[in-house]
Amino acid sequence: MRFKHTDENYRIRYVAAIFLLLSFWIIVRLFFLQILQHDYYSLFALNSREIYQKLYPERGQIFFQDTRTKQEYPAAVNKDFYLVYASPKEISPGDVNTAVEKLSAILNFQEEQKKLLFEKLSKIGSAYAQIAKKIPEEQVNLIKEANLKGIYFTAQDYRFYPENNLAAGVIGFTGSDRSGKISGKYGIEGYWEKELVGRGGFLSGEKGALGSWITLANRQTLAAENGVNLLLTIDRGLEYKACESLREGMELYKAKSAALVMMDPKTGAILAMCSLPDFDPNNYSKVEDIAAYNNTTIFGSYEPGSVFKPITMAAGLDLGLVVPNTTFTDPCDQVINGYHIRNAERKCYGEQTMTQVLENSVNTGVVLVTQKVGKEKFKNYVDKFGFGRKTGVSLNTESAGDTSSLERKGEIFFATGSYGQGLTVTPLQLATAYSALANEGKLPRPFIVEEIRYSNGKKEKTEPQTTEQVISERAAGLLSGMLVSVVENHYKVARIEHYYVAGKTGTAQIAENGKYSEEKTNHTFAGFAPADDPKFVLVVKYEEPERKWAEQTALPVFRDVMKFALDYYGVVGKR
Numbered sequence: 004m005r006f007k008h009t010d011e012n013y014r015i016r017y018v019a020a021i022f023l024l025l026s027f028w029i030i031v032r033l034f035f036l037q038i039l040q041h042d043y044y045s046l047f048a049l050n051s052r053e054i055y056q057k058l059y060p061e062r063g064q065i066f067f068q069d070t071r072t073k074q075e076y077p078a079a080v081n082k083d084f085y086l087v088y089a090s091p092k093e094i095s096p097g098d099v100n101t102a103v104e105k106l107s108a109i110l111n112f113q114e115e116q117k118k119l120l121f122e123k124l125s126k127i128g129s130a131y132a133q134i135a136k137k138i139p140e141e142q143v144n145l146i147k148e149a150n151l152k153g154i155y156f157t158a159q160d161y162r163f164y165p166e167n168n169l170a171a172g173v174i175g176f177t178g179s180d181r182s183g184k185i186s187g188k189y190g191i192e193g194y195w196e197k198e199l200v201g202r203g204g205f206l207s208g209e210k211g212a213l214g215s216w217i218t219l220a221n222r223q224t225l226a227a228e229n230g231v232n233l234l235l236t237i238d239r240g241l242e243y244k245a246c247e248s249l250r251e252g253m254e255l256y257k258a259k260s261a262a263l264v265m266m267d268p269k270t271g272a273i274l275a276m277c278s279l280p281d282f283d284p285n286n287y288s289k290v291e292d293i294a295a296y297n298n299t300t301i302f303g304s305y306e307p308g309s310v311f312k313p314i315t316m317a318a319g320l321d322l323g324l325v326v327p328n329t330t331f332t333d334p335c336d337q338v339i340n341g342y343h344i345r346n347a348e349r350k351c352y353g354e355q356t357m358t359q360v361l362e363n364s365v366n367t368g369v370v371l372v373t374q375k376v377g378k379e380k381f382k383n384y385v386d387k388f389g390f391g392r393k394t395g396v397s398l399n400t401e402s403a404g405d406t407s408s409l410e411r412k413g414e415i416f417f418a419t420g421s422y423g424q425g426l427t428v429t430p431l432q433l434a435t436a437y438s439a440l441a442n443e444g445k446l447p448r449p450f451i452v453e454e455i456r457y458s459n460g461k462k463e464k465t466e467p468q469t470t471e472q473v474i475s476e477r478a479a480g481l482l483s484g485m486l487v488s489v490v491e492n493h494y495k496v497a498r499i500e501h502y503y504v505a506g507k508t509g510t511a512q513i514a515e516n517g518k519y520s521e522e523k524t525n526h527t528f529a530g531f532a533p534a535d536d537p538k539f540v541l542v543v544k545y546e547e548p549e550r551k552w553a554e555q556t557a558l559p560v561f562r563d564v565m566k567f568a569l570d571y572y573g574v575v576g577k578r
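Here the sequence shown is numbered in our numbering, starting from 4 and rising by one per residue.
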């Protein structure tokens, strides 16, 4: 018997075939998931139930102080700013223009930003559009008052620098990398990153389908440890005065850059540190040149010139090879290894004492001292004064300078090194070396963090350290008197009524393409006061100012800042 194909039989076979294929696909899929990718999906299932919640610590804060009263001022703190965003699908087309105008007025948007905002809010159906981030609470309150539909905001924790540019080179800033991780960059923020960021905690365990903990016993908690707080040695009032005086001078003399360091020579505490041009850490990306991030007091090594001569003289005095009244006759043009050693402007001074060598900045005079000291011993003194190595100050990023020329065989390298050519130093190294001259020959270790405060209440105070006795107390005393004579007889503009000031200038030609420029110079003045009982060592440096001599640039700023410091601390003059 033959069966007729009916529409009903055809549909049955068609449905059966579909079910057969579907069953086959399910079997293959189960095999693929349960056998071939079993480990992956087991882990996925576990992770869907296991909770691992990171607990983020609070970044430590940084403080300036008034070193007279011990009152503290925030330099870097954590502050809530806001992310402003929109849900365009909640904004009707007729309200877009109103929202754009009001938001742009509150957020100070320019025309290009307004245009972009209009495009974002006009995307019908879009659930999210970022409008602006790091918006202060005052502006958010204005947005709230505008009562705009579909506009929202959420608080986010940011680093905030209340003093803006003040000590920016010291503090540094926090920034994010490509992955979005925020970390400290430069200065204190960079050097102390690990301590400031603290330690993250976690909460782990398993939850059931309804979100409750399966067993409390399986839950593990490690609390976050907040970062340390740091109290700096920087005096806020002194820092402001010093940096503003330095800035005014930089603008007046049209210098390329400027640096200033003030230290307590007895302890090594850094009371003021300025680096220009600077930046606002709150808006660190808005700089013309990222070189502004570098703290020129520790990063920018340079040939110091005649401000280095007291270091050479210190070696001769310490070894007893010269005394302040030792005389020599200036040869005016001294040839060493085929090179001519001359004085500035080719002046010839005739018979000079060692004190006059410093007063008149006689190059041939300090060359004589180096020849008496000898190459090996001279290099040893340069090393002991801390040149050619990092001071170890807790800031990013420090340069060691370069004294490798003193390791070369030619006598010319020691001759030029005696008056600060052919070797490089940083302003902080100079300040530290002059601190040894002011501190009875003892070289202090510079420091900028006075106290570390841990989240558990523990406090760790920095104890002043002396690295070594570089020269004898007698030699330091003799040299101090010679440097007072330099100010009294040659740099009268540096005098401060009621006080004796000791110091020396350096006007150094800048090396370019293997030779020294006739026009470009670096200007430095380094000194201390009161000379009979030094409280402050101060170094002021300008790069390529439009003046001829350092006594026209660095020296007036030195006097201005030093006089302020003596008055500020109420130091009694004994002159």
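Backbone N, C-alpha and C fix where the C-beta goes; we use that ideal spot for every residue, glycine too.
Just so you know, these numbers come straight off a predicted model, no measurement behind them.
Under the DSSP definition of a beta bridge, Gly178 partners with Ser186. Look at the beta carbons and you see the segment 468-476 not touching the segment 293-303: under three pairs across the two are nearer than 8 Å. The C-beta separation of Leu233 from Cys277 comes to about 19 Å, leaving the pair out of contact by the 8 Å criterion. Between Val264 and Pro430, the gap from beta carbon to beta carbon is short of 8 Å. Where Phe121 is concerned, the enclosing alpha helix (DSSP H) starts and stops at 114-124.
Within a 10 Å sphere around the beta-carbon of Ala130 sit fewer than 16 other beta-carbons, which makes this residue exposed. The segment 502-517 makes contact with the segment 475-490: 3 or more CB pairs, one atom from each, lie closer than 8 Å.
Here DSSP, grouped into helix, strand and coil, assigns Val564 to helix. In the three-state reduction of the DSSP assignment, Asp570 falls in the helix class. Gly252 counts as buried, since at least 16 other C-beta atoms from the protein chains shown sit within 10 angstroms of its C-beta.
Exclusion of the five residues before and after Asp281 leaves Asn168, Ala171, Gly172, Ala295 as the residues of its chain whose Cβ lies within less than 7 Å of its Cβ.
Distance from the CA of Gly425 to the CA of Gly530, rounded to the nearest whole angstrom, comes to 22 Å. In chain order, Asp238, Arg239, Gly240 place their CB closer than 7 Å to the CB of Asp69, counting only its own chain and leaving out the 5 sequence neighbours on each side. Taking 8 Å as the cut-off, the Cβ atoms of Tyr88 and Ala158 do not count as close. At a Cβ-Cβ threshold of 8 Å, Val473 and Leu446 count as neighbours. Spatial neighbours of Leu481 in its own chain (CB-CB distance under 8 Å, excluding positions within 5 residues in sequence) are listed in chain order as Leu320, Val326, Pro327. For Leu541, the secondary structure class from DSSP, reduced to helix, strand or coil, is strand. The Cβ atoms of Thr427 and Tyr305 sit closer than 8 Å to each other. In this structure, Ala514 sits away from Gly423, with a CB-CB distance that is not shorter than 8 Å. Distance from the CA atom of Thr177 to the CA atom of Lys73, rounded to whole angstroms, is 27 Å. Taking C-alpha positions only, Asp180 is separated from Gly271 by approximately 35 Å. For Gly404, the CB contacts under 7 Å within the same chain, skipping 5 residues up- and downstream, are Ser304, Phe390, Gly391, Thr427, Val428, Thr429, Gln432 in chain order. Secondary structure of Lys393 (DSSP, three-state): coil.
The C-alpha of Ile415 lies about 28 Å from the C-alpha of Ser438. Non-local beta-carbon contacts of Lys123 in its own chain, meaning distances under 6 Å to residues more than five positions away in sequence, involve Ala132 in chain order. Gly420 is a Cβ neighbour of Ser408, given a cutoff of 8 Å. Sequence-distant Cβ neighbours of Pro268 in its own chain, meaning closer than 7 Å and more than five residues away, are Ser438, Ala441, Asn442, Pro447, Phe531, Pro537, Val540.
Note on the segment 240-272: whole beta strand (DSSP E) runs with a minimum of 3 residues are 260-266, in chain order. Separation of Gly187 and Lys259 (C-alpha to C-alpha, rounded to the nearest whole angstrom) is 27 Å. When DSSP states are grouped into helix, strand and coil, Tyr519 belongs to the strand group.
For Val396, the closest alpha carbon among the candidates Ile451, Tyr494, Glu410 is that of Ile451. Between Tyr545 and Tyr256, the beta carbon gap of about 6 Å places them in contact (Cβ cut-off 8 Å). With respect to the C-alpha of Phe163, the residue from Tyr155, Pro139, Ala149 having the closest C-alpha is Pro139.
Exclusion of the five residues before and after Lys92 leaves Ile127, Gly128, Ser129, Ala130 as the residues of its chain whose Cβ lies within less than 7 Å of its Cβ.
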